[in-house]
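*Asks:*
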Amino acid sequence: MTVHYDSRKLLITVKNAGRLEHEKDVILHIAGYRTGPERSDRAIRLIRNEQPVNIDLLIVGELRVLTGMSRQRK
Numbered sequence: 010m011t012v013h014y015d016s017r018k019l020l021i022t023v024k025n026a027g028r029l030e031h032e033k034d035v036i037l038h039i040a041g042y043r044t045g046p047e048r049s050d051r052a053i054r055l056i057r058n059e060q061p062v063n064i065d066l067l068i069v070g071e072l073r074v075l076t077g078m079s080r081q082r083k
C-alpha cells in the first residue's frame, strides 16, 4: 500500500496492491474549515465523494484488503 500526497492540489492518493484491478485508487481531498470566530480557529478534514472520511476506518479497511480479508467484519 502506498500513499501519495500532492501539496499543490491538496490531494492524498492511496494505492493498494491487494485491491482488484477493476477497483480504483482512493483519492482524498484535504478541505479546511473554520471552527470559531478567530482567524486561527481552523481545522481540516479529508473528503471523498463530497463526504467527510473517517480516516481510522479507511486505513483499517485498506489493511484488511491488503491482507486478503474482507473489508467488513462478519
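At position 31 of the sequence shown (counting the first as 1) the number is 40 in this note's numbering, and the numbers step up by one without a gap. Think of the CB as a built atom: it goes at the ideal place given N, C-alpha and C, for glycine as much as any other residue. All values derive from a computational prediction rather than experimental measurement.
What residues in its chain sit with their C-beta under 6 Å from that of L75, if we drop five residues either side in the sequence?
*Replies:* Cβ within range, chain order: M10, N25, G27.
*Asks:* In the DSSP output, what is K24 paired with across the bridge?
*Replies:* Answer by DSSP bridge pairing, in chain order: T11.
*Asks:* For L72, does the three-state DSSP call read helix, strand or coil?
*Replies:* Note: L72 maps to helix in three-state DSSP.
*Asks:* If contacts are defined as beta-carbon pairs under 8 Å, then N55 and I39 qualify, I think. What distance do you get, rounded to the angstrom?
*Replies:* Reading the sequence as shown, one finds Leu at residue 55 and not Asn. At roughly 6 Å, the Cβ-Cβ gap stays under 8 Å, so L55 and I39 are in contact.
*Asks:* Just confirm the distance between the C-beta atoms of L37 and R57, as a whole number of angstroms; I'd bet it's less than 8 Å.
*Replies:* With a Cβ gap of about 5 Å, L37 and R57 count as contacting.
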